[in-house]
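Numbering (this note's numbering), first residue to last: 473 to 644.
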């Protein structure tokens, strides 16, 4: 897990990335910026810092300001990890999570996440997970992948088929 941090910003305003996009060459250490949008996002003085390792495949980071932590999935390991900014340590938040992936916060600050294994969009309140939706038009979802909450509170998500055909990502 990596952090790109603008030195003068507050920790709650930090911009987090699970990986640096090599196609757009958003290289902070080399100060290489081929995209004009990246210069608006990251200051020249920003530093790239390695936060933690140990995950097989990191996906779906979300910043939890109230906890001062970053939460993300290690999909093949079927677990959710959390990095605490104050202590600089990572820990396992939950295991046997049915291959969760993308996550975001709703307007109340509650985690909304995608589950490949349960083929559902879920709400996670302090480890208590409830299903929001798992079917559409009489059919189960495939493998919800990315999710965002719109300004009006609507939850938008993608539902590609690949997460249910890979044993390390979910179930048929």
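Cβ coordinates follow ideal geometry from the N, Cα and C atoms, glycine included.
{"Item": "Could you tell me how far apart the beta carbons of residue 599 and residue 566 are, in whole angstroms, since I believe they sit closer than 8 Å?", "Value": "6 Å"}
{"Item": "Looking at the strands, I want to know which residues DSSP matches up with residue 575.", "Value": "585"}
{"Item": "In the DSSP assignment, find the beta strand (DSSP E) that holds residue 553 and state where it starts and stops.", "Value": "551-556"}
{"Item": "Hey, how far is the Cα of residue 579 from the Cα of residue 593?", "Value": "16 Å"}
{"Item": "Exposed or buried, what is residue 502 when buried is set at 16 or more other beta-carbons lying within 10 Å of its beta-carbon?", "Value": "Low confidence applies here, because residue 502 scores a pLDDT of 44, under 50, leaving its location unreliable; read the following figure in that light. The residue is exposed, with fewer than 16 neighbouring Cβ atoms inside 10 Å."}
{"Item": "Does the beta-carbon of residue 555 have 16 or more other beta-carbons within 10 angstroms, so that it is buried, or is it exposed?", "Value": "buried"}
{"Item": "How would you call residue 531, buried or exposed, if buried means at least 16 neighbouring beta carbons within 10 angstroms?", "Value": "buried"}
{"Item": "I'd like the list of long-range same chain contacts for residue 538, defined as Cβ closer than 7 Å, with 5 residues on each side in sequence excluded.", "Value": "581"}
{"Item": "Please tell me whether residue 632 and residue 587 are closer than 8 Å, where the distance is taken between their beta carbons.", "Value": "no"}
{"Item": "Within 10 angstroms of the Cβ of residue 568, are there 16 or more other Cβ atoms? Answer buried if so, exposed if not.", "Value": "exposed"}
{"Item": "Here's the rule: buried if 16 or more other CB atoms are within 10 angstroms of the residue's CB, otherwise exposed. What is residue 609?", "Value": "exposed"}
{"Item": "Take residue 619 and list the residues in its own chain whose beta-carbon comes closer than 6 Å to its own, dropping the five residues that flank it on each side.", "Value": "574, 576, 584, 586, 629"}
{"Item": "Given a cut-off of 8 Å, decide if residue 553 and residue 544 are closer than it, judged by their beta-carbon atoms.", "Value": "yes"}
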